[in-house]
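Each residue of the sequence shown is one higher than the one before, starting from 11 at the first, in this note's numbering. Cβ coordinates follow ideal geometry from the N, Cα and C atoms, glycine included. Fair warning: this is a prediction, and the values are worked out from it, not measured in the lab. Okay, structure first, notes after.
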Amino acid sequence: MDSLLAIITKLGDIALILVGFGLVVFIHELGHFLAAKWAGVRVLAFSLGFGPPIITYRKGLGFRRTSTEDEYHHWLVLKSDGAAAPESRMSPTEYRLNALPLGGYVKMLGQDDADPGYRSNEPDSYNVAPVWKRMVIICAGVTMNMAMAAALYVAVFMAGLKTEAPVVGDVIEGSPAAIAVADRAAELGITEPGLQPGDTILAMNGRQPASFNDIQLGSAMAKADAPMDIEVLRPGLNEHLHFTLTPEKSELGLLTIGILPSFTNQVIDPTSNRLADTVRQVMKDSGLDGAPLGSKLVAINDKPVTRPSEFTRRISHAMGEPVELTFETEEGHRTSTTVSPWPILDVDTVRIAGESRLVRSILGLTPVMRVGELDPETSKGYAQGLREGDLFVHLGSASFPSSARGMAEVSSRAGSTIDATVLRDGELIELNLKVTRQGVIGFSIDPRYEYTTLAQSPTDTDDAISGLRPGSRVLSIDGNSVASFADIARELQRAVADGKTEIPFEVKLPIASVDGIREIRTLPIELSSAQVDHLRDMEWDLPLVVNLFEPEMTVLKASGPLDAIAMGLHETDRVMRTTYLTFIRLFQGSISPKNLNGPVGIVHTGTIVAERGVIWLLFFFALVNINLAVVNFLPIPITDGGHMIFLIWEQITGKPVSVAVQNTATLAGLVLIVAVFLFVTYNDISRLLGS
Numbered sequence: 011m012d013s014l015l016a017i018i019t020k021l022g023d024i025a026l027i028l029v030g031f032g033l034v035v036f037i038h039e040l041g042h043f044l045a046a047k048w049a050g051v052r053v054l055a056f057s058l059g060f061g062p063p064i065i066t067y068r069k070g071l072g073f074r075r076t077s078t079e080d081e082y083h084h085w086l087v088l089k090s091d092g093a094a095a096p097e098s099r100m101s102p103t104e105y106r107l108n109a110l111p112l113g114g115y116v117k118m119l120g121q122d123d124a125d126p127g128y129r130s131n132e133p134d135s136y137n138v139a140p141v142w143k144r145m146v147i148i149c150a151g152v153t154m155n156m157a158m159a160a161a162l163y164v165a166v167f168m169a170g171l172k173t174e175a176p177v178v179g180d181v182i183e184g185s186p187a188a189i190a191v192a193d194r195a196a197e198l199g200i201t202e203p204g205l206q207p208g209d210t211i212l213a214m215n216g217r218q219p220a221s222f223n224d225i226q227l228g229s230a231m232a233k234a235d236a237p238m239d240i241e242v243l244r245p246g247l248n249e250h251l252h253f254t255l256t257p258e259k260s261e262l263g264l265l266t267i268g269i270l271p272s273f274t275n276q277v278i279d280p281t282s283n284r285l286a287d288t289v290r291q292v293m294k295d296s297g298l299d300g301a302p303l304g305s306k307l308v309a310i311n312d313k314p315v316t317r318p319s320e321f322t323r324r325i326s327h328a329m330g331e332p333v334e335l336t337f338e339t340e341e342g343h344r345t346s347t348t349v350s351p352w353p354i355l356d357v358d359t360v361r362i363a364g365e366s367r368l369v370r371s372i373l374g375l376t377p378v379m380r381v382g383e384l385d386p387e388t389s390k391g392y393a394q395g396l397r398e399g400d401l402f403v404h405l406g407s408a409s410f411p412s413s414a415r416g417m418a419e420v421s422s423r424a425g426s427t428i429d430a431t432v433l434r435d436g437e438l439i440e441l442n443l444k445v446t447r448q449g450v451i452g453f454s455i456d457p458r459y460e461y462t463t464l465a466q467s468p469t470d471t472d473d474a475i476s477g478l479r480p481g482s483r484v485l486s487i488d489g490n491s492v493a494s495f496a497d498i499a500r501e502l503q504r505a506v507a508d509g510k511t512e513i514p515f516e517v518k519l520p521i522a523s524v525d526g527i528r529e530i531r532t533l534p535i536e537l538s539s540a541q542v543d544h545l546r547d548m549e550w551d552l553p554l555v556v557n558l559f560e561p562e563m564t565v566l567k568a569s570g571p572l573d574a575i576a577m578g579l580h581e582t583d584r585v586m587r588t589t590y591l592t593f594i595r596l597f598q599g600s601i602s603p604k605n606l607n608g609p610v611g612i613v614h615t616g617t618i619v620a621e622r623g624v625i626w627l628l629f630f631f632a633l634v635n636i637n638l639a640v641v642n643f644l645p646i647p648i649t650d651g652g653h654m655i656f657l658i659w660e661q662i663t664g665k666p667v668s669v670a671v672q673n674t675a676t677l678a679g680l681v682l683i684v685a686v687f688l689f690v691t692y693n694d695i696s697r698l699l700g701s
């Protein structure tokens, strides 16, 4: 019943978004229509959608199920013979609602996008109107969209837009934000590099971000390989900090500085049963199933906390000892639950098959890639024979691959197949797996490493432990059993804390050992002083799923109508500039075309936004209005921007562009638009299907 309700709700959201798109197109075409009427140009049709008409209306004839053009032309013949009714009873304009609500158009006498050579000698035709009036008609559509966007922004900022605050919640290890050093750091008493949780971003290259989304957008729109100035307000400091860092491309192909949004200590309180079930499952997987929904995390080991940035690394040097978390409801009822911390593994960037990959390890001890949770109904990997917990013994040309090496092997077989051998319940299973064109098989990688089988590590550093063969399973360290990489980290840290430098590892040798026999051996591993220091400095983190907590929010609200208008105009200008900048960054290569959304992707995004409420939906349609205006005014033949180029030429030279040139340009523009439409739609569907 809940799934049926979810489907109905989603279909309702899709219908709402499609209606909204129809209104956006209506506003655009209304601009052309009103401008044509003002210029004295005869409008033959005002249409929403393409294809055959569902319903039409013409003054003097009323509503029809089909087009009234034949009746209108018949009336014109009668009129010319003097037998028609008075002209005021018949309008030259037919209003249409067509079958495919994916656009719209205004058809004017003497103008036809499909036939650039079409002309009319009538005094009220488009081609007879002065060039400057035709320019007004062409500009009117995007002008109406810009005006509508500004009006929507005014409404949004009058009501107040609740959005994520421009505050740092966490910093990704090794990212530009993690390694940047503040100006005058030593003078200000700052000993650690990088931005810190709790920092508020005040400016990026002089522009003030109003929300965390502005930070992400500002990073993505940055010029590749160009340094960026970040101004930060840090709690406890009396003056602002300045960092200079250069954004880097993420795995999604977008430039980023490597920070995550901030969250409060309030556990989210979902409003729908479907979402509540999802949250409870995630909390159970995180060991937090004892915490009531809607409660607050108020203490860790009886020490008060107010936000995740305070507790995520509070237990950094506790050597993985269990931690007691205390949650409190609004009524003051407290519940405690105990969770085990997780080691913050070493992260190295290595080149594998020509690509940069992140490798996680403990002194070079890297886990073999293992299959994570699979959905039997939707997982393509499950359909091909993979099961949760499968350990990869061979994958392509790699033996006992790490996750980084395994992903590289799979990616290199994009659009083909790859041979794999997995270990399942002590048995070797041979598989031939199909790889999509996007370079994935269709399974998640086990992120918890609750096993101890070692991979062939692609890292080769001075700190790496040597002497353990790939495929070996660690059974105990210093006489204490281990069952996960967290156990390995814990026992190594305990051993060095006791002053030991030679630590016995009990391991089961690889499946295909030299003598063909599975052996258990104890190997003495001698640690260097650098390795000992590294282990002593190893930090731990709590296995909390941050998005189980309410994000830290800010409200963008105007102080009055004039302020709302100013904010609306500013936001309209900002989004318009950003949209144009997106095309520049596409040509520069700092943004991949794969990150563009087409109609399917925009509708999907709209359904997600709709779940956030009416104000966010208005904000979304303001964005759609601006993007439609910008894209429609690009200098591409068949768009308004292309028509404007032709009109500018006609204004300068005194004669229109030749019909041959217009026909060629129109065909080229049509081919380009269709190609882009097919490309972005393919990407949209691929993202939705996860292929």
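Less than 6 Å between C-beta atoms, sequence neighbours within five positions excluded: which residues of the same chain meet that for residue i?
i, result
"residue 161", "none"
"residue 405", "411, 416, 419, 430"
"residue 523", "Caution applies to residue 523, whose pLDDT of 47 falls short of 50 and renders its modelled position unreliable; the value that the coordinates give is listed next. Once the five neighbours on either side are set aside, residue 523 has no close Cβ partner at all."
"residue 452", "389, 390, 391"
"residue 107", "58, 64, 65"
"residue 644", "651"
Return the CA-CA distance between residue i and residue j, expressed in angstroms with no decimal places.
i, j, result
"residue 370", "residue 418", "15 Å"
"residue 674", "residue 585", "33 Å"
"residue 465", "residue 403", "9 Å"
"residue 128", "residue 578", "41 Å"
"residue 654", "residue 46", "15 Å"
"residue 669", "residue 130", "14 Å"
"residue 60", "residue 116", "11 Å"
"residue 21", "residue 31", "15 Å"
"residue 659", "residue 44", "25 Å"
"residue 197", "residue 248", "13 Å"
"residue 201", "residue 226", "27 Å"
"residue 562", "residue 627", "20 Å"
"residue 174", "residue 207", "15 Å"
"residue 527", "residue 540", "Note that residue 527 scores 49 on pLDDT, short of 50, meaning its location in the model is unreliable; the coordinates nonetheless yield the value given after this. So the alpha carbons of these two residues sit roughly 35 Å apart."
"residue 640", "residue 159", "12 Å"
"residue 621", "residue 26", "12 Å"
"residue 183", "residue 460", "22 Å"
Measure the CB-CB distance between residue i and residue j and report whether it falls below 7 Å.
i, j, result
"residue 120", "residue 105", "no"
"residue 172", "residue 565", "yes"
"residue 537", "residue 515", "no"
"residue 330", "residue 550", "yes"
"residue 204", "residue 188", "yes"
"residue 257", "residue 229", "yes"
"residue 378", "residue 462", "no"
"residue 648", "residue 616", "no"
"residue 244", "residue 193", "no"
"residue 591", "residue 231", "yes"
Considering only the alpha carbon of each residue, which of the options lies closest to residue i?
i, options, result
"residue 149", "660, 580, 650", "650"
"residue 214", "252, 679, 306", "252"
"residue 269", "185, 455, 656, 202", "185"
"residue 254", "88, 211, 246, 220", "211"
"residue 477", "373, 448, 508", "373"
"residue 314", "23, 336, 304", "336"
"residue 457", "85, 355, 348, 426", "355"
"residue 499", "206, 310, 376, 676", "376"
"residue 582", "123, 49, 167", "167"
"residue 662", "54, 505, 123, 141", "141"
"residue 513", "496, 542, 493", "542"
Could you pull out every residue in the same chain whose Cβ sits closer than 8 Å to the Cβ of residue i, ignoring the five residues on either side in sequence?
i, result
"residue 530", "485, 516, 517, 518, 519"
"residue 71", "78, 81, 82, 100"
"residue 525", "Any answer about residue 525 is weak, because its pLDDT of 47 lies below 50 and its placement is not dependable; what the coordinates show is given next. Same-chain partners within the cutoff: there are none."
"residue 482", "463, 464, 517, 518, 519, 520"
"residue 97", "Low confidence applies here, because residue 97 scores a pLDDT of 49, under 50, leaving its location unreliable; read the following figure in that light. Counting only Cβ-Cβ distances below 8 Å, and skipping sequence neighbours, we find 89."
"residue 454", "381, 382, 383, 384"
For residue i, which residues in the same chain have their Cβ closer than 7 Å to its Cβ, ignoring the five residues on either side in sequence?
i, result
"residue 316", "275"
"residue 638", "34, 38, 155"
"residue 278", "289, 558, 559, 560"
Practice task
Any chance you could list the alpha helix (DSSP H) runs of at least 4 consecutive residues sitting entirely within the stretch 59-143, in chain order?
Solution key: 79-90
Problem - Minimum length 4: unbroken alpha helix (DSSP H) runs contained in the stretch 499-582 - result: 539-547
Exercise for the section: Mind listing, in chain order, the continuous alpha helix (DSSP H) runs of no fewer than 4 residues lying wholly within the stretch 329-353? Expected result: none
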